[in-house]
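**Q**
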Amino acid sequence: DQPRQDIAGEAPEEILHRVFGHPAFRGRQEEIVRHVMAGGSGLVLMPTGGGKSLCYQVPALCRPGLGIVVSPLIALMEDQVAALRQQGVAAAALHSDLPEEQAREVRRDLGRGQVKLLYISPERLTLDGTLDFLSRRDLALFAIDEAHCVSQWGHHFRPEYRGLGLLAERFPSVPRLALTATADPRTVEDIRAQLGLSESPVFRGGFDRPNIFISAAPRESERSQLRAFVKAASDGTGAGIVYCGTRAKTEQTAEWLRGDGHDALCFHAGMDPEAKRQSHRRFARGDAVIMAATIAFGMGIDRPDVRWVCHLDLPRSPESWYQEIGRAGRDGLPARALLLYGAGDIALARHRIQESPALDEQKRIERARLEAMVSIAEAATCRRRILLRCFGEALGPGDPENCGACDVCRDPPRLFDGTVPAQKLLSAVLRTRLPSGMHFGLGHVVDVLRGRVTPKVAQFAHDKVKTFGIGADLSDAAWRGVARQLVARGALDVAIENHGELVPTEAARPILKGEEKVLLREETVSAATPRERAGR
Ligand code: ADP
Ligand code: ZN
Numbered sequence: 003d004q005p006r007q008d009i010a011g012e013a014p015e016e017i018l019h020r021v022f023g024h025p026a027f028r029g030r031q032e033e034i035v036r037h038v039m040a041g042g043s044g045l046v047l048m049p050t051g052g053g054k055s056l057c058y059q060v061p062a063l064c065r066p067g068l069g070i071v072v073s074p075l076i077a078l079m080e081d082q083v084a085a086l087r088q089q090g091v092a093a094a095a096l097h098s099d100l101p102e103e104q105a106r107e108v109r110r111d112l113g114r115g116q117v118k119l120l121y122i123s124p125e126r127l128t129l130d131g132t133l134d135f136l137s138r139r140d141l142a143l144f145a146i147d148e149a150h151c152v153s154q155w156g157h158h159f160r161p162e163y164r165g166l167g168l169l170a171e172r173f174p175s176v177p178r179l180a181l182t183a184t185a186d187p188r189t190v191e192d193i194r195a196q197l198g199l200s201e202s203p204v205f206r207g208g209f210d211r212p213n214i215f216i217s218a219a220p221r222e223s224e225r226s227q228l229r230a231f232v233k234a235a236s237d238g239t240g241a242g243i244v245y246c247g248t249r250a251k252t253e254q255t256a257e258w259l260r261g262d263g264h265d266a267l268c269f270h271a272g273m274d275p276e277a278k279r280q281s282h283r284r285f286a287r288g289d290a291v292i293m294a295a296t297i298a299f300g301m302g303i304d305r306p307d308v309r310w311v312c313h314l315d316l317p318r319s320p321e322s323w324y325q326e327i328g329r330a331g332r333d334g335l336p337a338r339a340l341l342l343y344g345a346g347d348i349a350l351a352r353h354r355i356q357e358s359p360a361l362d363e364q365k366r367i368e369r370a371r372l373e374a375m376v377s378i379a380e381a382a383t384c385r386r387r388i389l390l391r392c393f394g395e396a397l398g399p400g401d402p403e404n405c406g407a408c409d410v411c412r413d414p415p416r417l418f419d420g421t422v423p424a425q426k427l428l429s430a431v432l433r434t435r436l437p438s439g440m441h442f443g444l445g446h447v448v449d450v451l452r453g454r455v456t457p458k459v460a461q462f463a464h465d466k467v468k469t470f471g472i473g474a475d476l477s478d479a480a481w482r483g484v485a486r487q488l489v490a491r492g493a494l495d496v497a498i499e500n501h502g503e504l505v506p507t508e509a510a511r512p513i514l515k516g517e518e519k520v521l522l523r524e525e526t527v528s529a530a531t532p533r534e535r536a537g538r
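Residues in the sequence shown are numbered consecutively from 3, following UniProt numbering.
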């Protein structure tokens, strides 16, 4: 059965049914396909699994000429080509890992006009020889997959992608469709500018994953929170993923989980390739297997029945969090995500950005991403709504307030006027400041608030300050909650390099003066040990 060389002339719906076997287009696919069929260019923002491939595959097969797909990932290229060939499409790939003999074969087929869809790496495409060849050919379209790789603001910048800007000039009449799952506004604008798509439409959609129940909770006792969550979320056969902030923590967590009776593996970038492969393989097959991993674990997780994802440390942006929790519930069945966070995480992440060698502009962006992540973690309103808004998407028609599938919507937190505890905490921080300008960390401040004469309290005569003992009414955990919410709203900084010294910011002033109300989540503050929301 020879792959079909030219099926141009068929209608998009026919191709959809006959080649891909799907009864109908999904979401915005049809609109995008029509736009490209008519010769238009544009940018497609859809999450992983949203169905981006069809947006270019269908018009590439319908339009006359060769379709070019730029992709940075050789493994994905090979998968797609293999799948297309099986469906009878004359697809081929050209990249640097291809043995010379095979590359020659592909070039021969291209020369004979026997390829309909060519997957190519950006560095191959931008070679003079390739461009010359293409300029003599009829081209159906250019698809630029993983288009965020062109942006320096993202975490995945690839210098080879920069060269793709020239496609707009060299091939002005060929439609260019860029595609990505990254949708933060800054990256989107950068992609459009770099790829000459500023005048072309942006198609955005499909980010909501209503089958994933999302929740977040302050970290109180990490392991019992994780244990309760796993118990509630796993179905006995599907897999789970625990994302950890460090490599060491993946190993410790996997070990602890094994001790707790689970089949647990770990994965991080520091492992040798064979160990990684093995981890991947076992994760792909195991019943109720759990992977404790850093964010290095992501590419190539195609298990549809990941039932849950838990983050033990704060992700760096809503985009990262979304990508990582999006690995759950691909089968469309109910799945759960839990995010654990603490004031320390927030402070550490802020500190890392501050200390990074990045440009100021980039730091500002990173900080904005982090603050958006904090606002989701500390949310008093629907978390999904805040998350989707980060991608420029509404919750649904009419943008309802309640998604019904996050912890906040299911069980709205009661808020209360926490201005007084906030003031107490801030003034305890200020009144224990040393003449050198040094502040103390949270542990000491809580000792002072609760009126405990520890050796350190005695040493600095902090039992004589006005705030000593004014916070006896709240538990230690409650005070940590107050501090975390003050850190989250930027009224307190935690100086990591200085043993977690708490430093009030400008934003603390109106609170202390009583000019600004502080609404606190009752749960965090009233309970001695906050309920394990995860366990519900
Ligand atoms: P993305 O590239 O956005 O991550 P894919 O293009 O790989 O997503 O599509 C994800 C899955 O959805 C694939 O299994 C694909 O077959 C399926 N899919 C895409 N479009 C449709 C459709 N219109 N009808 C049914 N299934 C679809
Ligand atoms: Zn909600």
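Don't be surprised by glycine CBs; every beta carbon is placed ideally from N, CA and C. Predicted, not measured: the structure shown is a model, and the values here were computed from it.
Under 7 Å from any heavy atom of the ligand ZN, does the C-beta of ARG309 make it?
**A** no
**Q** Quick one: grab the DSSP three-state call for ILE388.
**A** helix
**Q** Assess, as a yes-or-no matter, whether the region 373–386 is touched by the region 317–328 under the definition of 3 or more beta carbon pairs within less than 8 Å.
**A** yes
**Q** Could you check if GLY131 is buried or exposed, using at least 16 other CB atoms within 10 Å of its CB as the buried criterion?
**A** By the neighbour-count rule (16 or more Cβ atoms within 10 Å), GLY131 is not buried but exposed.
**Q** From the DSSP secondary-structure annotation, give me the bridge partner or partners of VAL410.
**A** Answer is none; VAL410 lacks a bridge partner.
**Q** Could you give the residue range of the alpha helix (DSSP H) that holds THR421?
**A** It spans 421–433 - the alpha helix (DSSP H) in which THR421 sits, taken as one unbroken run.
**Q** Quick one: is SER429 buried, meaning 16 or more other Cβ sit within 10 Å of its Cβ, or exposed?
**A** buried
**Q** If I follow the unbroken beta strand (DSSP E) through VAL117, where does it start and stop?
**A** Neither: VAL117 is in no beta strand (DSSP E) and is coded neither H nor E.
**Q** At the level of alpha carbons, what is the spacing between ALA13 and CYS64?
**A** 6 Å
**Q** Quick one: residues in its chain with C-beta nearer than 7 Å to the C-beta of CYS411, no 5 flanking neighbours on either side, listed in chain order?
**A** CYS384, ASN404, CYS405
**Q** Following the continuous beta strand (DSSP E) through ALA493, name the residue where it begins and the one where it ends.
**A** Careful: ALA493 lies outside any beta strand (DSSP E) and carries neither H nor E.
**Q** Would you mind sorting residue 2 into buried or exposed? The rule is 16 or more other CB atoms within 10 Å of its CB.
**A** Residue 2 lies beyond the range of the chain shown here (3 to 538); nothing can be said about it.
**Q** Quick check on the DSSP output: the beta strand (DSSP E) that includes PRO457 runs from which residue to which?
**A** No beta strand (DSSP E) holds PRO457; the alpha helix (DSSP H) holding it covers 457–461.
**Q** Nearest CA to the CA of GLY44: which residue from THR182, GLY53, ARG20?
**A** THR182
**Q** Rank ILE513, MET79, VAL204, VAL35 by C-alpha distance to the C-alpha of LEU143 and give the top, closest one.
**A** Taking only the C-alpha atoms, the option nearest LEU143 is VAL35.
**Q** Measure the CB-CB distance between PRO74 and SER123 and report whether it falls below 8 Å.
**A** Result yes, Cβ atoms of PRO74 and SER123 sit closer than 8 Å.
**Q** Leaving out the 5 sequence neighbours to the left and right, which residues in its chain are closer than 6 Å to GLY272 when beta-carbon positions are compared?
**A** ARG249
**Q** What first and last residue would you give for the alpha helix (DSSP H) that runs through SER322?
**A** 320–327
**Q** Hey, would you say PRO61 sits closer than 8 Å to MET39, going by beta carbons?
**A** yes
**Q** Just the Cα atoms here: how many angstroms apart are GLU80 and GLU363?
**A** 37 Å
**Q** Counting by C-beta, which residues lie closer than 7 Å to a heavy atom of the ligand ZN, in chain order?
**A** CYS384, ARG385, ARG386, ARG387, ASN404, CYS405, GLY406, ALA407, CYS408, VAL410, CYS411
**Q** Using a Cβ-Cβ distance cut-off of 8 Å, determine whether VAL422 contacts chain D.
**A** Looking at the structure shown, chain D is missing, and only one protein chain is on hand.
**Q** Using a Cβ-based criterion (distance less than 7 Å to any ligand heavy atom), does ALA26 qualify as near the ligand ADP?
**A** Relative to the non-hydrogen atoms of the ligand ADP, the Cβ of ALA26 comes within a distance shorter than 7 Å of at least one.
**Q** Do you know whose CA, among VAL447, PHE231, GLU125, VAL108, lies nearest LEU314's CA?
**A** PHE231
**Q** Measure the C-alpha to C-alpha separation of residue 542 and ALA298 and round it to an integer number of angstroms.
**A** Limits of the chain in this structure are 3 at one end and 538 at the other, which puts residue 542 out of reach.
**Q** In its own chain, which residues sit with a C-beta less than 6 Å from the C-beta of GLU508, not counting the 5 before and 5 after it?
**A** The beta carbon of GLU508 lies closer than 6 Å to none in the same chain, with the five residues before and after it left out.
**Q** Suppose the cutoff is 7 Å on Cβ atoms and the five residues either side in sequence are ignored; what does the same chain contact list for ARG486 look like?
**A** Excluding residues within five positions, the ones whose Cβ falls inside 7 Å are PRO220, GLY344, ALA345.
**Q** Taking only the alpha-carbon atoms, compute the straight-line gap between VAL71 and VAL520 and give it to the nearest angstrom.
**A** A straight line joining the alpha-carbon of VAL71 with that of VAL520 spans about 52 Å.
**Q** Taking the beta carbon of GLN104 as the centre, do at least 16 other beta carbons fall within 10 Å, making it buried, or is it exposed?
**A** In summary, GLN104 is exposed, with fewer than 16 beta-carbon neighbours lying within 10 Å of its beta-carbon over all protein chains present.
**Q** Could you pull the DSSP bridge partners for TYR245 from this structure?
**A** ALA295, HIS313
**Q** Residues bridged to GLU503 by DSSP?
**A** DSSP, once it has assigned bridges, lists ALA497 as partnering GLU503.
**Q** For CYS405, does the three-state DSSP call read helix, strand or coil?
**A** In this structure, CYS405 counts as coil in the three-state DSSP scheme.
**Q** Nearest by alpha-carbon distance to GLN227: which of ILE472, LEU342, GLY483, PRO177 is it?
**A** Selection ILE472, LEU342, GLY483, PRO177 evaluated against GLN227 yields LEU342 as nearest (Cα-Cα).
**Q** At which residues does the beta strand (DSSP E) containing GLY44 begin and terminate?
**A** 44–47
**Q** Where does GLY161 fall in DSSP's three states?
**A** The identity of residue 161 in the sequence shown is Pro, whereas the question assumes Gly. It is helical.
**Q** Roughly how many angstroms separate the alpha carbons of GLY247 and ASP347, rounded to a whole number?
**A** 10 Å
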